[in-house]
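Read through the structure below, which is laid out as structure tokens, and then see the notes.
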Amino acid sequence: MNLLDRYIFKSVLFTCAAAVGLFAFVLIVGNAMKELMGYVLAGQIDLVMLARLLALLVPFVVTFALPMGVLTGILLTLGRLSADSEVTAMRASGISLARIARPVIILGILGAAAALYINQFAMPWARATYRRDLAAAVRANPLSMIVPRTFIRQFPGVVVYVGDKKGSVLHDLWFWQLDRRQRAVRVVRAAEGSVTYDETSNALVLTLRGAHVELRNEKNPEDFTQPTIVGSFSETEALRLSLDKMFSQNTVRTKLDFVSYAKLKDEHRALEVAPPHETAAARLSRERAMTRIELVLSERFNDALAVLSFALIGVPLGIKVSRRETSANMGVALALALGYYFLITAIGWLEKAPEWKPALLLYLPNLIVIASAALLFRRASSH
Numbered sequence: 014m015n016l017l018d019r020y021i022f023k024s025v026l027f028t029c030a031a032a033v034g035l036f037a038f039v040l041i042v043g044n045a046m047k048e049l050m051g052y053v054l055a056g057q058i059d060l061v062m063l064a065r066l067l068a069l070l071v072p073f074v075v076t077f078a079l080p081m082g083v084l085t086g087i088l089l090t091l092g093r094l095s096a097d098s099e100v101t102a103m104r105a106s107g108i109s110l111a112r113i114a115r116p117v118i119i120l121g122i123l124g125a126a127a128a129l130y131i132n133q134f135a136m137p138w139a140r141a142t143y144r145r146d147l148a149a150a151v152r153a154n155p156l157s158m159i160v161p162r163t164f165i166r167q168f169p170g171v172v173v174y175v176g177d178k179k180g181s182v183l184h185d186l187w188f189w190q191l192d193r194r195q196r197a198v199r200v201v202r203a204a205e206g207s208v209t210y211d212e213t214s215n216a217l218v219l220t221l222r223g224a225h226v227e228l229r230n231e232k233n234p235e236d237f238t239q240p241t242i243v244g245s246f247s248e249t250e251a252l253r254l255s256l257d258k259m260f261s262q263n264t265v266r267t268k269l270d271f272v273s274y275a276k277l278k279d280e281h282r283a284l285e286v287a288p289p290h291e292t293a294a295a296r297l298s299r300e301r302a303m304t305r306i307e308l309v310l311s312e313r314f315n316d317a318l319a320v321l322s323f324a325l326i327g328v329p330l331g332i333k334v335s336r337r338e339t340s341a342n343m344g345v346a347l348a349l350a351l352g353y354y355f356l357i358t359a360i361g362w363l364e365k366a367p368e369w370k371p372a373l374l375l376y377l378p379n380l381i382v383i384a385s386a387a388l389l390f391r392r393a394s395s396h
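In this text, residue positions in the sequence shown follow my numbering: the first is 14, and each later residue adds one.
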């Protein structure tokens, strides 16, 4: 690299790194608020475990932050250079747009290679470890799932509210059993109760004392003109709140997103072999399973390619926008990224239609971006 290449490369590199860091921070905070804050407030996760879980989120969020950060960094840097007439001076000296873009393209290739490694190896390991460590931390203190003065909705089909809690003793306890439409068909209020953890069934066991029970019409529990069954009990039967839906007692359910590249390929090869006397329904199910694996593999390659395609389109866009303002350039980057990810999401809806080849269609948004970049390059070079 000569002096000009190093100047452009360093300028773009530092800005891209800052943009990737900003987007990654926002995504980490969003995921932490959504997935971890409840456990932290309940005292189920200490600060050391929280720091570990946040670190394990980094490879996951970087897969999304890297393409957007690279695009934003290129727009900011080239927009500033263009606004300061530095690009005009370079071109007046006989330097072509392709020559100016060379260090940016090199950075895009390096970013795509880093993204491919993260997507195929670091991210699956980090996500699997994150889920396993989170489940282990919560299982270590299951009684802390009951948080006083909070409507607890984590358990399927029920809502629990506890006014006060001292150890395993509960006071002013409410229990709502819900139907499929999330309507209360049974309401229990108890002055006092206790909670224990049954390790065998992986469930919290509530025992209520001084309970008032109201049974509503199961067909229409919100029709209060119908008579309800009301009863009082000095002590009720144990109410069991299963924890299996949130985390299994033995294993964490492995999603395809958490599986390494080698294991995904092995699973795909195993599915390629049709069993003897396979029915049409079984064949369709096998093809859909293969399509899901193909989608995951294509998505990982496609996300890495997005770094390069965003870098390519960022060069002519940055020069064309010619703005120093961070907000203007970030607005362009966000608009482009939203359109790109909308197409990716729409193609993902074809998961159950293998005849449409959604794994190949996933590359269409990147091809559109690259074709648009080539068109913009041609127009910018002619001026």
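Ideal Cβ placement from N, Cα and C applies to all residues, glycine included. Note that this is a predicted model, so its numbers are computed, not measured.
Which residue wins for smallest C-alpha separation from residue i, given the options the options?
i: Gly303; options: Ala372, Phe323, Glu250 and Ser181; result: Here residue 303 turns out to be Met, not Gly, going by the sequence shown. Selected option, being the one with the closest Cα: Ala372.
i: Ala387; options: Ser24, Glu364, Leu356 and Ala324; result: Ala324
i: Pro72; options: Leu380, Ile381, Arg313 and Trp362; result: Arg313
i: Leu69; options: Val42, Leu94, Leu89 and Gly92; result: Val42
i: Thr163; options: Pro155, Ala150 and Lys178; result: Lys178
i: Pro329; options: Pro234, Ser385, Gly180 and Arg202; result: Ser385
i: Gln133; options: Leu66, Ala317, Glu227 and Ile383; result: Ala317
i: Leu66; options: Tyr143, Ser395 and Pro116; result: Tyr143
Along the alpha helix (DSSP H) that carries residue i, what are the first and last residues, could you check?
i: Asp146; result: Met136 to Arg152
i: Glu280; result: Tyr274 to Glu285
i: Ile381; result: Leu377 to Ser394
i: Ile87; result: Leu60 to Ala96
i: Val160; result: Run containing Val160: none; DSSP gives neither H nor E here.
i: Pro288; result: Run containing Pro288: none; DSSP gives neither H nor E here.
i: Ala405; result: This structure gives no information on residue 405, because the portion of the chain shown stretches from 14 to 396.
i: Leu374; result: Pro371 to Leu374
Expressed to the nearest angstrom, what Euclidean distance is found between the alpha-carbon atoms of residue i and residue j?
i: Leu63; j: Ala319; result: 31 Å
i: Gly125; j: Ser322; result: Correcting the residue type first, residue 125 is Ala in the shown sequence and not Gly. Their backbone Cα atoms lie some 9 Å apart in a straight line.
i: Gly107; j: Ala366; result: 52 Å
i: Ala348; j: Ala78; result: 15 Å
i: Arg152; j: Met158; result: 10 Å
i: Ala139; j: Ile131; result: 10 Å
i: Ser24; j: Thr85; result: 13 Å
i: Glu205; j: Pro161; result: 13 Å
i: Phe186; j: Ile58; result: The question names Phe, but residue 186 is Leu in the sequence shown. Straight-line Cα distance between these residues: approximately 25 Å.
i: Leu269; j: Leu219; result: 36 Å
i: Val171; j: Asn44; result: 25 Å
i: Thr28; j: Ile122; result: 17 Å
i: Ala148; j: Gly51; result: 14 Å
i: Asp257; j: Ile326; result: 47 Å
i: His290; j: Arg296; result: 10 Å
i: Ser207; j: Arg222; result: 9 Å
i: Ala128; j: Glu285; result: 28 Å
i: Asp211; j: Ser273; result: 34 Å
i: Leu389; j: Val345; result: 15 Å
i: Gln262; j: Leu252; result: Note that Gln262 has pLDDT 44, beneath the 50 cutoff, so the model's placement of it is unreliable and the number below is only indicative. Distance between the alpha carbons of Gln262 and Leu252 is about 19 Å.
i: Leu191; j: Ala197; result: 4 Å
i: Ala32; j: Leu26; result: 10 Å
i: Leu156; j: Gly244; result: 28 Å
i: Asn315; j: Leu380; result: 10 Å
i: Lys47; j: Gly56; result: 16 Å
i: Lys276; j: Pro137; result: 11 Å
i: Val39; j: Leu49; result: 15 Å
i: Glu231; j: Ala203; result: 22 Å
Once DSSP output is grouped into helix, strand and coil, what is the label at residue i?
i: Val198; result: strand
i: Leu123; result: helix
i: Asp236; result: coil
i: Leu49; result: coil
i: Phe38; result: helix
i: Phe355; result: helix
i: Phe168; result: coil
i: Gly107; result: coil
i: Lys23; result: helix
i: Lys7; result: Given a span of 14 to 396 for the chain in the structure shown, any question on residue 7 remains unanswerable.
i: Leu15; result: Per the sequence shown, residue 15 should be read as Asn rather than Leu. It is coil, neither helix nor strand.
i: Gly331; result: helix
i: Gly56; result: coil
Considering only DSSP beta bridges, list what residue i is partnered with.
i: Thr220; result: Ser207
i: Ser255; result: Ala216
i: Ile306; result: According to DSSP, Ile306 bridges with nothing at all.
i: Ile242; result: Leu228
i: Glu248; result: Arg222
Between which two residues does the beta strand (DSSP E) carrying residue i extend?
i: Val171; result: Val171 to Lys179
i: Val182; result: Val182 to Leu191
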